[in-house]
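J.: Take 61 as the starting number for the sequence shown in the numbering used here and just add one per residue.
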Amino acid sequence: MTSSLCGFHVKPIFLADANGLVASLRGLNADQPPLILVGDRREFVDNLTDQQLSQFLTQEERIRLASFYHLADQERFGIGRIMLRSILGSWLSQHPCSVVVNIGPHGKPFSPYGPFFNISHSGDYITLAIHPFRPVGIDVERLQYHNDWRSMASILWPEIVISQIENHPVPKQSDEFLKQWCQYEAATKAVGLGFSAPSIYFEADKPCQLWELKLPESYLGYAAMM
Numbered sequence: 061m062t063s064s065l066c067g068f069h070v071k072p073i074f075l076a077d078a079n080g081l082v083a084s085l086r087g088l089n090a091d092q093p094p095l096i097l098v099g100d101r102r103e104f105v106d107n108l109t110d111q112q113l114s115q116f117l118t119q120e121e122r123i124r125l126a127s128f129y130h131l132a133d134q135e136r137f138g139i140g141r142i143m144l145r146s147i148l149g150s151w152l153s154q155h156p157c158s159v160v161v162n163i164g165p166h167g168k169p170f171s172p173y174g175p176f177f178n179i180s181h182s183g184d185y186i187t188l189a190i191h192p193f194r195p196v197g198i199d200v201e202r203l204q205y206h207n208d209w210r211s212m213a214s215i216l217w218p219e220i221v222i223s224q225i226e227n228h229p230v231p232k233q234s235d236e237f238l239k240q241w242c243q244y245e246a247a248t249k250a251v252g253l254g255f256s257a258p259s260i261y262f263e264a265d266k267p268c269q270l271w272e273l274k275l276p277e278s279y280l281g282y283a284a285m286m
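(1) Alpha carbon to alpha carbon, what distance is there between Arg101 and Lys71?
(2) Measure the C-alpha to C-alpha separation of Val105 and Ala213 and round it to an integer number of angstroms.
(3) Is Ile147 closer than 8 Å to Leu253 when the C-beta atoms are compared?
(4) Where does Arg202 fall in DSSP's three states?
(5) For Gln92, which option in Pro231, Ser64, Pro276 and Gln112 has the closest C-alpha, if you only look at C-alpha atoms?
(6) State yes or no: is the C-beta of Leu327 within less than 8 Å of the C-beta of Ala284?
(7) Does the contact criterion of 3 or more C-beta pairs under 8 Å hold for the stretch 178 to 192 versus the stretch 136 to 153?
(8) Counting only runs that start and end within the stretch 210 to 236, where is the alpha helix (DSSP H) found for 4 or more residues in a row?
(9) DSSP three-state call for Ala83: helix, strand or coil?
(10) Measure the alpha-carbon distance for Pro267 versus Gly174 and round it to whole angstroms.
(11) DSSP state of Tyr279, grouped into three classes?
(12) Give me the Cα-Cα distance between Ala264 and Trp151, rounded to the nearest whole angstrom.
(13) Nearest to Gly140 by CA position, among Cys242, Tyr205 and Arg122, is which residue?
(14) Any heavy atom of the ligand NAD inside 7 Å of the beta-carbon of Phe68?
(15) Which residue spans inside the stretch 153 to 189 form an unbroken beta strand (DSSP E) run of at least 3?
(16) Flag this pair as yes or no: are the beta carbons of Ser171 and Val160 separated by less than 8 Å?
(17) Which residue marks the beginning of the alpha helix (DSSP H) containing Gln115, and which one marks its end?
(18) What first and last residue would you give for the beta strand (DSSP E) that runs through Leu125?
(19) What residues match up with Asp100 in a beta bridge as DSSP calls it?
(20) Mind checking whether Gly149 and Val98 have CB atoms under 8 Å apart?
(21) Near Pro169, what residues of its chain come up, given a Cβ to Cβ distance below 6 Å and the 5 sequence neighbours on each side ignored?
What follows is the structure, encoded as structure tokens:
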């Protein structure tokens, strides 16, 4: 049975001093759930000035931010990086912009000197899972109807999973698909292999613990930890 997990609602003022959250992070032991941070895009947009971005994002990250066509995508990426670098900078006692963040062979960002982390965003919410000892993954999705969920699921999932979704009443199948998808993506991100090893999530002896995130009613989220 999946447990639920509350996140810390992060406000822009936290950017000035993330030490309190880092103290909570340092207090975790290996068996405890990850620290979850949740940022509301609407509360951060006034802070996404060029000056603020230059204080937190590297030049490469600012170039990537500018490459997004939609403003909302730029905002989600920028806020996610600011949240992450605020925590890593405090953890390492470094300026946020100087913290090294690399990309693994399957596209998962990591810090060679900091805690394990993972980011996800959808709609107005940006989420960050972080743990000092164990790899983590997170996924958040805005609830919406998927009439083509079978074609999406059949690419990656075994037929037995599709049959389990089809056992639900038709009006509920899209939501059940999204729930499965959210758990699946969080787990594969924790493992760090992405969609290159989809069977891991469906093994009887799953390598991850899962928690359902407590989010606003129109959103669904899960965190996973190795």
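Just so it is clear, CB atoms sit at the ideal spot from N, CA and C, and this is done for glycine as well.
T.: In short, the structure shows the following:
(1) If you take the alpha carbons of Lys71 and Arg101, they lie about 10 Å apart.
(2) Rounded to the nearest whole angstrom, the C-alpha separation of Val105 and Ala213 is 35 Å.
(3) Not closer than 8 Å, so no.
(4) In this structure, Arg202 counts as strand in the three-state DSSP scheme.
(5) Closest in C-alpha terms to Gln92, from the list Pro231, Ser64, Pro276 and Gln112, comes Ser64.
(6) Residue 327 falls outside the range modelled here, since the chain spans only 61 to 286, and no answer is possible.
(7) Segments in contact, yes.
(8) If we require 4 residues or more, the alpha helix (DSSP H) runs fully inside the stretch 210 to 236 come out as 219 to 226.
(9) Note: Ala83 maps to helix in three-state DSSP.
(10) Their backbone Cα atoms lie some 22 Å apart in a straight line.
(11) Residue state, collapsed to three classes: strand.
(12) Model confidence at Ala264 stands at a pLDDT of 47, short of 50, so the residue's coordinates are unreliable and nothing is read from them.
(13) Nearest C-alpha to Gly140 among Cys242, Tyr205 and Arg122: Arg122.
(14) This structure lacks the ligand NAD, and indeed carries no ligand of any kind.
(15) Within the stretch 153 to 189, complete beta strand (DSSP E) segments of at least 3 residues are found at 176 to 182, given in chain order.
(16) Yes; because the gap between Cβ atoms is below 8 Å, this pair is in contact.
(17) Run containing Gln115: Asp110 to Phe116, per the alpha helix (DSSP H) assignment.
(18) No beta strand (DSSP E) contains Leu125, which is instead part of the alpha helix (DSSP H) from Gln119 to Ser127.
(19) Answer is Tyr185.
(20) No, these two residues do not count as a Cβ contact at 8 Å.
(21) Around Pro169: Val161 and Ile163.
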